[in-house]
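Going line by line, the protein sequences match chains A and B. According to our numbering, the first sequence holds residues 7 to 182 in order. According to our numbering, the second sequence holds residues 10 to 314 in order. Don't be surprised by glycine CBs; every beta carbon is placed ideally from N, CA and C. Here the structure is a predicted model, which is why all the values come from computation and not from measurement. Right, one structure below, let's go through it.
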Amino acid sequence: MIMPRGQQLLLPANPWFIFFSLLLAQLINMLLNMVVLGNAAWAPDFLAVVLVFWCVHQPQRVGIGVAFLFGLFNDVQQSSLLGQHALSYTVLAYCAVLIHRRLLWFKEPKQSLQVLPLFVLAHVLELLVRLLSGSLFPGWWMLLAPVIEALSWPVVSVLLLAPQRRAPDPDEHRPL
Amino acid sequence: MPLGTIDRKPPAFFKHGMSALSKLVLFAILSVLLMVADARYGMTQPLRATMSLLLYPLEWLSLRPRWVIDEAGRFFEGRDAAQAQVQAMSLKLQQQALRSGQVEQLSLENQQLRRLLDLRERLSSSALAAEVLYDSADPFTRKVVIDKGALQGVQPSSPVMDDVGVLGQVTRVMPLVSEVTLVIDREQSIPVLNTRTGARGVAYGEAGGAPLLELRYMAANADIEVGDLLTTSGVDAIYPPGVPVAVVLKVERRAESVFARILCQPQGRVYGARHVMVLEPLGRQVPPRPPHERSGTLPIKGGPR
Numbered sequence: 007m008i009m010p011r012g013q014q015l016l017l018p019a020n021p022w023f024i025f026f027s028l029l030l031a032q033l034i035n036m037l038l039n040m041v042v043l044g045n046a047a048w049a050p051d052f053l054a055v056v057l058v059f060w061c062v063h064q065p066q067r068v069g070i071g072v073a074f075l076f077g078l079f080n081d082v083q084q085s086s087l088l089g090q091h092a093l094s095y096t097v098l099a100y101c102a103v104l105i106h107r108r109l110l111w112f113k114e115p116k117q118s119l120q121v122l123p124l125f126v127l128a129h130v131l132e133l134l135v136r137l138l139s140g141s142l143f144p145g146w147w148m149l150l151a152p153v154i155e156a157l158s159w160p161v162v163s164v165l166l167l168a169p170q171r172r173a174p175d176p177d178e179h180r181p182l
Numbered sequence: 010m011p012l013g014t015i016d017r018k019p020p021a022f023f024k025h026g027m028s029a030l031s032k033l034v035l036f037a038i039l040s041v042l043l044m045v046a047d048a049r050y051g052m053t054q055p056l057r058a059t060m061s062l063l064l065y066p067l068e069w070l071s072l073r074p075r076w077v078i079d080e081a082g083r084f085f086e087g088r089d090a091a092q093a094q095v096q097a098m099s100l101k102l103q104q105q106a107l108r109s110g111q112v113e114q115l116s117l118e119n120q121q122l123r124r125l126l127d128l129r130e131r132l133s134s135s136a137l138a139a140e141v142l143y144d145s146a147d148p149f150t151r152k153v154v155i156d157k158g159a160l161q162g163v164q165p166s167s168p169v170m171d172d173v174g175v176l177g178q179v180t181r182v183m184p185l186v187s188e189v190t191l192v193i194d195r196e197q198s199i200p201v202l203n204t205r206t207g208a209r210g211v212a213y214g215e216a217g218g219a220p221l222l223e224l225r226y227m228a229a230n231a232d233i234e235v236g237d238l239l240t241t242s243g244v245d246a247i248y249p250p251g252v253p254v255a256v257v258l259k260v261e262r263r264a265e266s267v268f269a270r271i272l273c274q275p276q277g278r279v280y281g282a283r284h285v286m287v288l289e290p291l292g293r294q295v296p297p298r299p300p301h302e303r304s305g306t307l308p309i310k311g312g313p314r
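Okay, here's the thing in structure tokens:
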């Protein structure tokens, strides 16, 4: 496989780590909702960020089906229209799989510029679905959500790639 | 370096599975079908209940920080605050003692009058205390989630009130939690009675995007003033009569419309309620309507001669 010059070789990703990172993202979303923000329209959706991240880095393991399933759970938790997040996450994962080869040739800050349209698309899709089903526009503040999500992309990338960047042959001088 | 330590491996030549595009189409169609089933036919309740049960551990976990903060706050709350509260309460009690004496007398009188009129005894509904867990994250609706569900006997369409007034109605019941749609939600409406004039009307939620109620279809010359208290009227067979709903905040009489635009401030604490009461819907206590009796004068088409 062709890869950018000078890029570090990564260890294989642990499937359990992928699963728990997705659960943790859902937990952070719920914490933001229940403790900090309530039902603010600009609340960022970190589950979407982590899903896109794994669709880009591990498209063999996390793909459109997983995104759909997590979207359904998100719908039940948020008591929104069942299928609303499932649809937007499906489209999000599809776009992430489409751009996953190109995206890895960029550094993280530039990657976040490239994933911004994806998050915007996901939020616009949710908005359209809700407007069609007869809800009101919740305010322009909701434009902030995809921007926060894109800004968090470099941080999420560093955190979620850290286990794969450990040394392949750890010894007592280099435990990690 | 042993084998299998590097993540990069060649993609499978023949075993590809479905293409991304066909997956996209499949799951998009599936979610659209689900949305239609949910919004139009309401068929997804069992699926929601199961998934909510699976989500419950996560929900429990994410409510822990708030619980810790609450407990700490309760611990550090001083004795002074408690004493001040006791004083305020005793003052309130004195004020209310006078009134309660009158209430006894009035209710006795009322009882006699009702018996005289051969009316049924005033319906009393059983109540269940619950706690608000959190606001639902969906920014398009105004809902809260309470900690009692089908296992504790909550029924769909039960009215929910706090100590001040009506808060909303249970719209979805899960095994362990239920969702309450607040009166200020756009799709919620509640029959009300103006206590000053006795006029009945229907109040709708979310007037112009604000967390207010709107009393619609009242004529422009209707007798309504700012400060009128609206209570439940009891004609809907859901809410018990006489519970405060809202106070009229603003009355706009416009020349181009036959109806006045009346905005009301909800009385229940729609943004900060913690402890609420779930009442049993009255409809289960009211006897069913008597069968329609055919009058002899009108011929019925196709009926037995």
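Inter-residue spacing [alpha-carbon to alpha-carbon] between residue i and residue j
i: Leu93 (chain A); j: Ala29 (chain B); result: 15 Å
i: Asp51 (chain A); j: Val58 (chain A); result: 11 Å
i: Ser85 (chain A); j: Gln117 (chain A); result: 32 Å
i: Ile24 (chain A); j: Pro18 (chain A); result: 11 Å
i: Ala48 (chain B); j: Val161 (chain A); result: 38 Å
i: Arg180 (chain A); j: Arg172 (chain A); result: 9 Å
i: Val211 (chain B); j: Thr96 (chain A); result: 41 Å
i: Val164 (chain A); j: Thr240 (chain B); result: 57 Å
i: Gly251 (chain B); j: Gln114 (chain B); result: 18 Å
i: Arg205 (chain B); j: Gln54 (chain B); result: 42 Å
i: Leu33 (chain A); j: Leu107 (chain B); result: 52 Å
i: Val175 (chain B); j: Val192 (chain B); result: 8 Å
i: Met52 (chain B); j: Arg151 (chain B); result: 22 Å
i: Met40 (chain A); j: Ser145 (chain B); result: 8 Å
i: Gln161 (chain B); j: Leu137 (chain B); result: 9 Å
Beta-carbon contacts of residue i that lie in its chain and below 8 Å, excluding the five residues immediately before and after
i: Asp316 (chain B); result: The shown model of chain B, from 10 to 314, leaves out residue 316 (chain B), and the question about it has no answer.
i: Ala229 (chain B); result: Arg262, Arg263, Ser266, Val267, Phe268, Ala269
i: Gly69 (chain A); result: Cys61, Ala99, Val103
i: His106 (chain A); result: Cys61, Val62, His63, Pro65
i: Ile233 (chain B); result: Asn203, Thr206, Ala208, Leu224, Met227, Val257, Val260, Ala269, Ile271
i: Val235 (chain B); result: Val257, Leu258, Lys259, Val260
Chain-ordered chain B contacts of residue i [CB-CB under 8 Å]
i: Asn20 (chain A); result: Here the premise fails: no neighbours, minimum Cβ distance about 11 Å.
Closer than 8 Å to chain B by CB, residue i
i: Ser139 (chain A); result: yes
i: Phe74 (chain A); result: yes
i: Gly12 (chain A); result: no
i: Ile70 (chain A); result: yes
i: Phe125 (chain A); result: no
i: Phe79 (chain A); result: yes
i: Val82 (chain A); result: yes
CB contact below 8 Å: residue i versus chain A
i: Phe23 (chain B); result: no
i: Ser317 (chain B); result: Because residue 317 (chain B) is not part of the residues shown, which for chain B are 10 to 314, the question remains open.
i: Asp47 (chain B); result: yes
i: Ser109 (chain B); result: no
i: Leu191 (chain B); result: no
i: Arg287 (chain B); result: One point to set straight first is that residue 287 (chain B) is Val, not Arg, in the sequence displayed. No, Val287 (chain B) does not count as interfacial toward chain A.
i: Arg129 (chain B); result: Only weak support is given to the placement of Arg129 (chain B): the predicted model assigns it a pLDDT of 46, under 50, and the value that follows is read from those uncertain coordinates. No, because no Cβ of chain A sits closer than 8 Å to the Cβ of Arg129 (chain B).
i: Lys32 (chain B); result: yes
i: Val41 (chain B); result: yes
i: Leu132 (chain B); result: Reliability of the predicted coordinates at Leu132 (chain B) is poor, the pLDDT of 47 falling under 50, and the value obtained from them is presented with this limitation in mind. Not an interface residue.
Proximal residues to residue i (C-beta, below 7 Å), its chain only, five neighbours per side dropped
i: Trp111 (chain A); result: Pro10
i: Ala37 (chain B); result: none
i: Pro290 (chain B); result: Gln164, Ser166, Ser167, Pro168, Ile247
i: Ser242 (chain B); result: Pro200, Val201, Leu202, Arg209, Pro250
i: Gln274 (chain B); result: Leu221, Ala255, Val256, Leu258
i: Ala135 (chain A); result: For the record, residue 135 (chain A) in the displayed sequence is Val; it is not Ala. Counting only Cβ-Cβ distances below 7 Å, and skipping sequence neighbours, we find Leu87, Gln90, Leu93.
i: Gln94 (chain B); result: none
i: Pro152 (chain A); result: Leu122, Phe125, Val126, His129
Under 8 Å from the C-beta of residue i: neighbouring residues of chain A
i: Ala37 (chain B); result: Leu93, Thr96, Val97
i: Met362 (chain B); result: Residue coverage of chain B in this structure runs from 10 to 314, which leaves residue 362 (chain B) outside it and unanswerable.
i: Arg181 (chain B); result: Ser85
i: Trp53 (chain B); result: According to the sequence as given, residue 53 (chain B) is Thr; it is not Trp. The contacting residues are Leu88.
Contacts around residue i, its chain only, beta-carbon distance under 6 Å, and the 5 residues preceding and following it disregarded
i: Asp177 (chain A); result: none
i: Tyr143 (chain B); result: Val154
i: Asn80 (chain A); result: His91
i: Ala31 (chain A); result: Phe52, Leu53, Val56
i: Ser135 (chain B); result: Glu289
Where residue i meets chain B, residues with beta-carbon distance less than 9 Å
i: Pro169 (chain A); result: Within 9 Å Cβ-Cβ: nothing; Pro169 (chain A) doesn't reach chain B, min ~11 Å.
Within chain B, partners of residue i - CB distance below 7 Å
i: Val103 (chain A); result: Ala29
Contacts that residue i makes with chain A (C-beta to C-beta distance below 9 Å)
i: Arg195 (chain B); result: Gly140, Ser141, Leu142
- Message: Taking beta-carbon pairs under 9 Å, can you tell me which members of the region 138–162 of chain B lie near chain A?
- Response: Leu142, Tyr143, Asp144, Ser145, Ala146, Asp147, Pro148, Phe149, Thr150, Arg151, Lys152, Val154
- Would you list, in chain order, the members of the region 57–79 of chain B that have their beta-carbon closer than 7 Å to a beta-carbon of chain A? Arg57, Met60, Ser61, Leu64, Leu67, Glu68, Leu70, Ser71, Leu72, Pro74, Arg75
- Positions along the region 222–250 of chain B whose CB lies within less than 8 Å of some CB in chain A: none
- Query: Listed in chain order, which residues of the region 19–42 of chain A have Cβ atoms closer than 9 Å to some Cβ of chain B?
  - Reply: Ala19, Leu29, Gln32, Leu33, Ile34, Asn35, Met36, Leu37, Leu38, Asn39, Met40, Val41
- Query: Taking Cβ-Cβ distances below 8 Å as the criterion, which residues of the region 42–62 of chain A are in contact with chain B?
  - Reply: Gly44, Asn45, Ala46, Ala47, Ala49
- Interfacial residues, the region 164–179 of chain B to chain A, with Cβ spacing under 8 Å: none
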